[in-house]
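Protein chains in written order, with the working numbering: chain A, 1 to 419; chain B, 420 to 652. Please read the structure below before turning to the comments.
What follows is the structure in structure tokens.
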């Protein structure tokens, strides 16, 4: 079907009016370029926004106590709900589907007052009391030393794991923090490890400004006893945290003597749900990208179809001659279809190549200068190239269909009479 | 070779019906060189188109080399044209973006012959019409007479039973016309059946039989003594 002769013939035919061919090809080139770029930008947005979520395990739920809105069992409304350490054990026992239940307490925080000192240097950092599992929910790179261990928890050791920016603020360049002491709210802690965020985007600034200390030490040193500020709960991979959420909250209501219909008493943030919603949004955006790109491509395809109609008209006589010499209608139809396919494919391939170049350039400029807000690593999956290729083949066939039919509609005798 | 009986053809134009061929009976034997003459509107072109399977008669029968030509669909008609007939047109009808040898090879392409064999054959026929050294030239680089020679080579390429020439010299000056006729006579001498439509008496006299058409009927059909074109060249 595509032998050397056919190729030569197609190239000859397309070359016969080169400027027109290039203009026509530009329509498809532009359409596929926009299509691929739109998809790449959508991916860039998706990457940017989801990286803002940080590395925290997706199938997770954060939960904290708020004021009750209903009196219950003689307790007044407006009472402040306070989680206790025992609740963690109850949750783990009653819901084996849960992988991690991490009680957390926090001190200070972003833009708070200075709370940490070392010699003459001071800084405001968020100090967090945590269990060893926490690093599995919120991955981080331990640069030196280690994370909190169960020995720390059991013995209530005054050990601290400090973030990269804490090191920068409290230590001279080249100084080894491991084994040194820092003062948190006047209490001395020994630094046992340093970490940095695994994610270079989004909330890394806040992460790197954090100091982790054992949960039990936190309770004792800062008078929290067995109070729990909030919990980070992660379900096993094959269970959905969103489905488990009502059960978790019911257990907590029983534990904390909250009215079963009280909706305000326990606050929560369902990461899986939020993540799913954002992902859904980007799925829609991707779809929009396909539709808009395909519509732009369509105008290019119409352009090709149009020019093929003109080509057929111009070559009416040639077609008549070919038929007199023995070309069957199918021969002629195939010739027109092949020409429109080749034109579409070549311009489309160039469009895909140009789009790849554009994506490369975007990444090149985004890369070294840090990330733009909510935008990172625009890219398309290889499958998009295949989808685009299929779209192109179909488009080429569609574009050639009407002209090819038109080419064989006229009887050869009438075609030959045209001057 | 060609057997035509009681052929009728009319064209409908709006409410008028134009009866162009009013019962033609006509036979051509193998190896004949026949000219069909007549003023314009006499029906000679219509007759040639029907012979060339480019058009179909309303009534009557047409048998070509023992094959009845009737109710052909476009595909079969194309195959028959390719196999049985070679066309020579007044305006040459070469494909202007193909060089001479590619033009000649075109009927062979539609026969599905492989490129190498096709090119060999095409070159053979180009040599026959004396244009081998022009093989790679585009039609725009050839003179009128050369173009018609290429067209004749193309018509011969598929080794058809009959050559149909529609005013083959109509676009050429007298000298070139005679050269083309000399070539046609030479091909006929090798045994090919050839039909020439013309309105020029001197061209007609170079054939072996003159058929005169008037108002859709054959009014005269005589075997003549062939004038040898070479004597004029």
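We put the beta carbon where it would ideally sit given N, CA and C, even for glycine.
Could you work out which residue in A/32, A/366, A/339 is closest to residue 15 of chain A when comparing CA atoms only?
Start at 1 with the first residue of the first chain, and residue 15 of chain A comes out as number 15. Answer by Cα proximity: A/339.
Flag residue 498 of chain B as yes if its beta-carbon sits less than 8 Å from any beta-carbon of chain A, otherwise no.
The residue labelled residue 498 of chain B in the question sits at position 79 within the second chain. Chain A, which has a Cβ nearer than 8 Å to the Cβ of residue 498 of chain B, makes this yes.
Where do the ends of the alpha helix (DSSP H) carrying residue 287 of chain A lie?
Taking the first residue of the first chain as position 1, residue 287 of chain A is located at position 287. Segment 271-314, the alpha helix (DSSP H) holding residue 287 of chain A.
Give me the residue from A/347, A/376, A/349, A/348 with the minimum Cα distance to residue 361 of chain A.
As a working mapping, residue 361 of chain A is identified with position 361 in the first chain. Considering only alpha carbons, the answer is A/376.
When the Cα atoms are used, what is the spatial distance from residue 202 of chain A to residue 47 of chain A?
Sequence index remark: in the first chain, residue 202 of chain A carries index 202 (1-based). Sequence index remark: in the first chain, residue 47 of chain A carries index 47 (1-based). Summary for residue 202 of chain A: the model assigns pLDDT 47, below 50, so the residue's position carries little reliability; its value from the coordinates is reported in the next sentence. Cα-Cα distance, rounded: 11 Å.
C-alpha gap between residue 454 of chain B and residue 418 of chain A, whole angstroms:
As a working mapping, residue 454 of chain B is identified with position 35 in the second chain. As a working mapping, residue 418 of chain A is identified with position 418 in the first chain. Their Cα atoms are separated by approximately 25 Å.
Could you have a look at residue 214 of chain A and say whether DSSP puts it in helix, strand or coil?
Looking up residue 214 of chain A in the first chain gives position 214. Looking at residue 214 of chain A - three-state DSSP - the assignment turns out to be strand.
So for residue 139 of chain A, helix, strand or coil by DSSP?
On the first chain, position 139 is the one that residue 139 of chain A refers to. In the structure shown, residue 139 of chain A sits in coil (DSSP, three-state: anything other than H, G, I, E or B).
Could you tell me which uninterrupted alpha helix (DSSP H) segments, each at least 4 residues in length, are contained entirely in the segment 64-114 of chain A, listed from first to last along the chain?
85-94
Residue of B/617, B/642, B/621, B/636 minimising C-alpha distance to residue 628 of chain B
Looking up residue 628 of chain B in the second chain gives position 209. Checked all of B/617, B/642, B/621, B/636; the closest Cα to residue 628 of chain B is B/642.
What is the DSSP secondary structure of residue 219 of chain A, counted as helix, strand or coil?
One-based indexing of the first chain puts residue 219 of chain A at position 219. Three-state result, residue 219 of chain A: helix.
Compute the Euclidean distance between the alpha carbons of residue 77 of chain A and residue 69 of chain A, then round it to the nearest angstrom.
Within the first chain, numbered from 1, the residue matching residue 77 of chain A stands at position 77. Within the first chain, numbered from 1, the residue matching residue 69 of chain A stands at position 69. C-alpha separation (whole angstroms): 5 Å.
I need the straight-line Cα distance from residue 142 of chain A to residue 358 of chain A, nearest angstrom please.
Indexing the first chain from 1 puts residue 142 of chain A at position 142. Indexing the first chain from 1 puts residue 358 of chain A at position 358. C-alpha separation (whole angstroms): 37 Å.
Tell me the residue span of the beta strand (DSSP E) that contains residue 566 of chain B.
Within the second chain, residue 566 of chain B is the residue found at index 147, counting from 1. Not the beta strand (DSSP E): residue 566 of chain B falls in the alpha helix (DSSP H), residues 563-576.
Find out if the Cβ-Cβ distance for the pair residue 619 of chain B, residue 588 of chain B is shorter than 8 Å.
Position 200 of the second chain, counting from 1, holds the residue named residue 619 of chain B. Position 169 of the second chain, counting from 1, holds the residue named residue 588 of chain B. Their beta carbons are under 8 Å apart, which means residue 619 of chain B touches residue 588 of chain B by this criterion.
Cβ of residue 12 of chain A within 8 Å of any chain B Cβ
For this step, residue 12 of chain A is matched to residue 12 along the first chain. True, the Cβ-Cβ gap to chain B drops below 8 Å.
Leaving out five residues before and five after residue 64 of chain A in sequence, what residues of the same chain have Cβ atoms less than 6 Å from its Cβ?
Position 64 of the first chain, counted from the first residue, corresponds to residue 64 of chain A. Around residue 64 of chain A: 230, 267.
Three-state secondary structure (DSSP) at residue 516 of chain B?
For the purposes of this step, residue 516 of chain B is taken as the residue at position 97 of the second chain. In the structure shown, residue 516 of chain B sits in coil (DSSP, three-state: anything other than H, G, I, E or B).
Comparing C-alpha positions only, which one of A/21, A/237, A/223 sits nearest to residue 137 of chain A?
Stepping through the first chain from its first residue, residue 137 of chain A is reached at position 137. Nearest C-alpha to residue 137 of chain A: A/237.
To the nearest angstrom, report how far apart residue 398 of chain A and residue 566 of chain B are at their CA atoms.
The residue you call residue 398 of chain A lines up with position 398 of the first chain. The residue you call residue 566 of chain B lines up with position 147 of the second chain. Distance between the alpha carbons of residue 398 of chain A and residue 566 of chain B is about 38 Å.
Based on Cα-Cα distance, which residue from A/33, A/406, A/258, A/313 lies nearest to residue 71 of chain A?
Numbered from 1 along the first chain, position 71 holds the residue referred to as residue 71 of chain A. That would be A/258, whose Cα lies nearest to the Cα of residue 71 of chain A.
Checking contacts by CB at 8 Å: is residue 325 of chain A closer than that to chain B?
By 1-based counting over the first chain, the position of residue 325 of chain A is 325. At least one chain B Cβ lies under 8 Å of residue 325 of chain A.
Around the C-beta of residue 210 of chain A, are 16 or more other C-beta atoms found within 10 angstroms, so that it is buried, or is it exposed?
Position 210 of the first chain holds residue 210 of chain A. Residue 210 of chain A comes out buried.
Beta-carbon gap between residue 511 of chain B and residue 570 of chain B smaller than 8 Å
In the second chain, the residue the question calls residue 511 of chain B occupies position 92. In the second chain, the residue the question calls residue 570 of chain B occupies position 151. Contact flag set, yes.
Would you decide whether residue 73 of chain A is buried or exposed? Buried here means 16 or more other CB atoms lie within 10 Å of its CB.
As a first step, residue 73 of chain A is located in the first chain; it is residue number 73 there, counting from the start. Answer is exposed; the Cβ neighbour count stays below 16.
Below-8 Å beta-carbon distance, residue 24 of chain A vs any chain B residue
Your numbering for residue 24 of chain A matches position 24 in the first chain. Judged by the 8 Å Cβ criterion, residue 24 of chain A is not in contact with chain B.
Counting only the same chain and skipping the five closest in sequence on each side, list residues whose C-beta sits under 6 Å from that of residue 221 of chain A.
Position 221 of the first chain, counted from the start, is the residue given in the question as residue 221 of chain A. 187, listed in sequence order.
What is the DSSP secondary structure of residue 202 of chain A, counted as helix, strand or coil?
The sequence position of residue 202 of chain A within the first chain is 202, counting from 1. Below a pLDDT of 50, predicted positions are generally treated as unreliable, and residue 202 of chain A, at 47, falls in that range; no measurement from the model is reported.
Is it true that the segment 460-476 of chain B meets the segment 426-444 of chain B, where meeting means three or more beta-carbon pairs spaced less than 8 Å apart?
yes
Three-way DSSP call (helix, strand, coil) for residue 635 of chain B in this model
Numbered from its first residue, the second chain carries residue 635 of chain B at position 216. Three-state result, residue 635 of chain B: coil.
Establish whether the CB of residue 413 of chain A and some CB of chain B are separated by less than 8 Å.
On the first chain, position 413 is the one that residue 413 of chain A refers to. Interface residue, yes.
Going by the CB atoms, is the gap between residue 131 of chain A and residue 153 of chain A shorter than 8 Å?
Your numbering for residue 153 of chain A matches position 153 in the first chain. Your numbering for residue 131 of chain A matches position 131 in the first chain. It is a contact, given that the beta carbons lie within the stated cut-off.
Going by the CB atoms, is the gap between residue 159 of chain A and residue 214 of chain A shorter than 8 Å?
Sequence index remark: in the first chain, residue 214 of chain A carries index 214 (1-based). Sequence index remark: in the first chain, residue 159 of chain A carries index 159 (1-based). In contact: residue 214 of chain A and residue 159 of chain A (Cβ atoms closer than 8 Å).
Please confirm whether residue 468 of chain B has its beta-carbon closer than 8 Å to some beta-carbon of chain A.
Taking the first residue of the second chain as position 1, residue 468 of chain B is located at position 49. Closer than 8 Å: yes.
Is the beta carbon of residue 167 of chain A less than 8 Å from the beta carbon of residue 178 of chain A?
As a working mapping, residue 167 of chain A is identified with position 167 in the first chain. As a working mapping, residue 178 of chain A is identified with position 178 in the first chain. Result no, Cβ atoms of residue 167 of chain A and residue 178 of chain A do not sit closer than 8 Å.
Please list, in chain order, all residues of the same chain as residue 289 of chain A whose beta carbon is under 8 Å from its beta carbon, the five residues on each side excluded.
In the first chain, counting from the first residue as 1, residue 289 of chain A sits at position 289. Result list for residue 289 of chain A: 35, 38, 39, 41, 42, in chain order.
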